[in-house]
Amino acid sequence: MKYEFDEIIDRVNDPYSFSFKWQHPEYAFKRQGVELTRDDIICLETADMDFRVAPEIIEDLQRLLDHGIFGYSEIPQTYFKAVCGWYERRQGWSFSPEDISYMPGTHSAISEIVKLYTKKGDGVIILTPCYSYHSDVDGNGRRYVKVELANDGKDIFTVDYDALEKACAEKDNTMLIMCHPHNPTGKVFDHDELCRIADICRRNGVLIVSDEVHSDILRRGQSFEPMMKACGSEGLIACTAVNKTFNLAGLAMTNVIICDPKLKMDEMNMYDMPTPFGIQAVISAYTKGDAWVDALNEYIDENIRVCIDLVHERLPKAVVAMPQGGYSINIDFSGYGLRGDEVAKKIYGDAGVVLNSGLFFDDIRGKQVHRACLSSPRSMCLEAINRIADQFEGCE
Ligand SMILES: Cc1ncc(COP(=O)(O)O)c(C=O)c1O
0 MKYEFDEIID RVNDPYSFSF KWQHPEYAFK RQGVELTRDD IICLETADMD
50 FRVAPEIIED LQRLLDHGIF GYSEIPQTYF KAVCGWYERR QGWSFSPEDI
100 SYMPGTHSAI SEIVKLYTKK GDGVIILTPC YSYHSDVDGN GRRYVKVELA
150 NDGKDIFTVD YDALEKACAE KDNTMLIMCH PHNPTGKVFD HDELCRIADI
200 CRRNGVLIVS DEVHSDILRR GQSFEPMMKA CGSEGLIACT AVNKTFNLAG
250 LAMTNVIICD PKLKMDEMNM YDMPTPFGIQ AVISAYTKGD AWVDALNEYI
300 DENIRVCIDL VHERLPKAVV AMPQGGYSIN IDFSGYGLRG DEVAKKIYGD
350 AGVVLNSGLF FDDIRGKQVH RACLSSPRSM CLEAINRIAD QFEGCE
């Protein structure tokens, strides 16, 4: 089947859209301290996609709608088998249906894990710059311990093992949250990196939570190894989801995988009643979604290629690196020698494009680096970059 990713779907005015990022850009502008004056905003911000969900999933959800009753629902065995089948088939990672606990979204899952497996005041280590886990960590009275990834200056990131070892050796630091693939750097940790990180954590009694929600979105030629497959299940909890891969974030269906018998806890099953829509979407995605995800990855490869080319051509002083995973790129505007607020005004206020500034990811370069999610129709991504480039013209 040929899938359509070029279609522009109206997420601003359609009464069934309910899109937070498209209908409320004022929050992003407020965060940037920039006035919102245009009404033709392009949002390449929050990591959801502007593509219609796979037709295979929509058809099944339509059948569910036709059934017409949406009462309290139990997760059937077909759901667990579908989850196991996907990871076995796509990532060569085997686990059993009994190792899976459903949670209503990844933040709910991580927050619950933080509350269950650490105590108030404990330190939770994050490899920064990173997608924010502040609400799960600080929000639960734990300390956010940042271990910075080393950056070669061109946004190729590596692990600073000495700094990680030092942080893990502190006795009150009891958990590491891995973001693998890493958001926003687009790094996919390789086998040796994963095992070295796991070894440091295990020697120091630090529990690992591997957030792998971006693991199906990979750039051409890259392969992903689940951390549990690479280094075993001891002291490790993995979070997986259909949310990013299939553009189903609004259904909040996350699966937590725990194979280490010492970590199994009944409390994890307290949220075992998702909506029938969420249950069906997971079953359909994981049993019928392979071809759609493959086509999606090809489309995103091309989006990223043409957008990086356009940045090189029209924003010659900006730095941008090819990600290994995920659908976002980070554009570093520091070469233009402007203040952070001036950069933000050009992008958000003048060009009318909403991105995520580095501040959101605890990035020391803050407002000089902005993340663009290229998970939108190509024409929209290119228009956004062109609009931004127009504003930097003459800033030579
Ligand atoms: C790495 C990562 N983890 C978790 C989330 C949030 O996932 P959920 O919507 O399932 O809570 C995001 C959203 O962007 C993310 O990038």
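So the sequence shown is numbered by our numbering: it starts at 0 and just counts up by one. For every residue, glycine included, the Cβ atom is placed at its ideal position computed from N, Cα and C. What you are looking at is a predicted structure, and each value in this text was computed from that prediction instead of being measured.
On the DSSP bridge assignment, give the partners of residue i in chain order.
{"i": "R142", "result": "G122"}
{"i": "I41", "result": "V352"}
{"i": "V208", "result": "I176, I236"}
{"i": "L217", "result": "G324"}
{"i": "I307", "result": "DSSP, once it has assigned bridges, lists no residue as partnering I307."}
{"i": "F156", "result": "N150"}
{"i": "I56", "result": "In DSSP, I56 forms no bridge with anything."}
{"i": "C372", "result": "S327"}
{"i": "V82", "result": "None; V82 has no bridge partner."}
{"i": "N254", "result": "Y101, T239"}
{"i": "V318", "result": "D331"}
{"i": "T127", "result": "E147"}
Considering only the beta carbon of each residue, do residue i and residue j sit closer than 8 angstroms?
{"i": "S110", "j": "D135", "result": "yes"}
{"i": "Y335", "j": "F276", "result": "no"}
{"i": "Q279", "j": "D59", "result": "yes"}
{"i": "N172", "j": "V52", "result": "no"}
{"i": "Y143", "j": "D137", "result": "yes"}
{"i": "V352", "j": "A27", "result": "no"}
{"i": "I176", "j": "V123", "result": "yes"}
{"i": "G288", "j": "I8", "result": "no"}
{"i": "F156", "j": "T184", "result": "yes"}
{"i": "I74", "j": "P273", "result": "yes"}
{"i": "V208", "j": "M174", "result": "yes"}
{"i": "D331", "j": "V318", "result": "yes"}
{"i": "P128", "j": "D362", "result": "yes"}
{"i": "E34", "j": "G365", "result": "no"}
{"i": "R377", "j": "V305", "result": "yes"}
Taking residue i as the reference, give the member of the options with the closest Cα.
{"i": "Y116", "options": "G277, L206, G357", "result": "L206"}
{"i": "V187", "options": "A229, L295, V82", "result": "A229"}
{"i": "K145", "options": "I125, Y160, G152, L163", "result": "I125"}
{"i": "G32", "options": "G339, F332, E147", "result": "G339"}
{"i": "P180", "options": "Y130, W21, S283", "result": "Y130"}
{"i": "V342", "options": "Q367, M379, G84, I196", "result": "Q367"}
{"i": "T36", "options": "T45, H190, P24, K170", "result": "P24"}
{"i": "S333", "options": "A240, A81, C394, I282", "result": "C394"}
{"i": "T290", "options": "E6, R370, A46, P54", "result": "Residue 290 is actually Ala in this sequence, not Thr. The candidate whose alpha carbon is nearest that of A290 is P54."}
{"i": "A371", "options": "T239, L217, S356", "result": "S356"}
{"i": "K344", "options": "D5, C380, R30, Q90", "result": "R30"}
{"i": "E147", "options": "G140, N139, I328, A166", "result": "A166"}
{"i": "D154", "options": "A46, M321, M379", "result": "M321"}
{"i": "E164", "options": "N139, I236, D189, R201", "result": "R201"}
{"i": "E211", "options": "R219, R218, I236, H190", "result": "I236"}
Kindly examine ligand 1 and report whether one of its heavy atoms sits closer than 7 angstroms to the Cβ of residue i.
{"i": "Y130", "result": "yes"}
{"i": "T105", "result": "yes"}
{"i": "A251", "result": "yes"}
{"i": "A371", "result": "no"}
{"i": "A46", "result": "yes"}
{"i": "A162", "result": "no"}
{"i": "A27", "result": "no"}
{"i": "N385", "result": "no"}
{"i": "V212", "result": "yes"}
{"i": "A280", "result": "no"}
{"i": "A240", "result": "yes"}
{"i": "N182", "result": "yes"}
{"i": "C178", "result": "yes"}
{"i": "A248", "result": "yes"}
What does the alpha-carbon distance come out to for the pair residue i and residue j?
{"i": "Y285", "j": "Y86", "result": "9 angstroms"}
{"i": "A350", "j": "E382", "result": "10 angstroms"}
{"i": "S93", "j": "A108", "result": "21 angstroms"}
{"i": "M226", "j": "K118", "result": "24 angstroms"}
{"i": "I256", "j": "N385", "result": "43 angstroms"}
{"i": "E3", "j": "L358", "result": "34 angstroms"}
{"i": "K263", "j": "Y78", "result": "20 angstroms"}
{"i": "D259", "j": "N203", "result": "17 angstroms"}
{"i": "E169", "j": "E297", "result": "44 angstroms"}
{"i": "G325", "j": "H213", "result": "6 angstroms"}
{"i": "I387", "j": "E192", "result": "36 angstroms"}
{"i": "S374", "j": "M48", "result": "5 angstroms"}
{"i": "L314", "j": "E233", "result": "47 angstroms"}
{"i": "L250", "j": "D13", "result": "19 angstroms"}
{"i": "Q22", "j": "L43", "result": "13 angstroms"}
{"i": "G120", "j": "H106", "result": "19 angstroms"}
{"i": "F17", "j": "A162", "result": "43 angstroms"}
{"i": "I196", "j": "G67", "result": "49 angstroms"}
{"i": "I216", "j": "T244", "result": "6 angstroms"}
{"i": "V82", "j": "E97", "result": "11 angstroms"}
{"i": "H369", "j": "G70", "result": "43 angstroms"}
{"i": "C178", "j": "G91", "result": "20 angstroms"}
{"i": "V11", "j": "T45", "result": "15 angstroms"}
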